[in-house]
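Under the numbering used here, the first residue of the sequence shown is numbered 9, with each subsequent residue one higher.
Single-structure report; data block below.
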Amino acid sequence: MSTLDEFDFLLTVDRDTADAVLRSENLGYLAADSAFAAVDWLVRQGRPNDENWRRDFDAMLAYAAGKGWYDGQYVQGHIRDHGSRPTTTAD
């Protein structure tokens, strides 16, 4: 099983524009230093008909829920501005 240690959003526009677009398309929103993505949209971007992919995705959501990063509709991710390097965090 694959694991997801980091969930980053890479922004190529300013945060206000990104937030407005996410909200207008019902894809999620930005708050403080986090992005919240609609899980139904993430599923559509993935391989929802692939049993292994769906199992791993559901496991990632369960992990995120245990950390308080998933509320049943949105999953929280880090924001990386265009040109920045990924951050690493420890549990």
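Ideal Cβ positions, reconstructed from N, Cα and C, are used throughout, including at glycine.
The model shown is predicted, which means the values in this text are computed figures rather than measured ones.
For L38, the uninterrupted beta strand (DSSP E) run begins and ends at G36 to A39, by DSSP. Taking 7 Å as the cut-off, the beta carbon of R55 is found closer than this to the beta carbon of W61. For S42, the beta-bridge partners assigned by DSSP are A39 and H86. At the C-beta level, V83 and A72 come within 7 Å of one another. Among the bridge pairs identified by DSSP, Y78 is matched with V83.
Taking C-beta atoms under 8 Å as the contact rule, L30 and I87 fail to qualify, at a distance of about 11 Å. Here the C-alpha atom of D58 lies approximately 26 Å from the C-alpha atom of A43.
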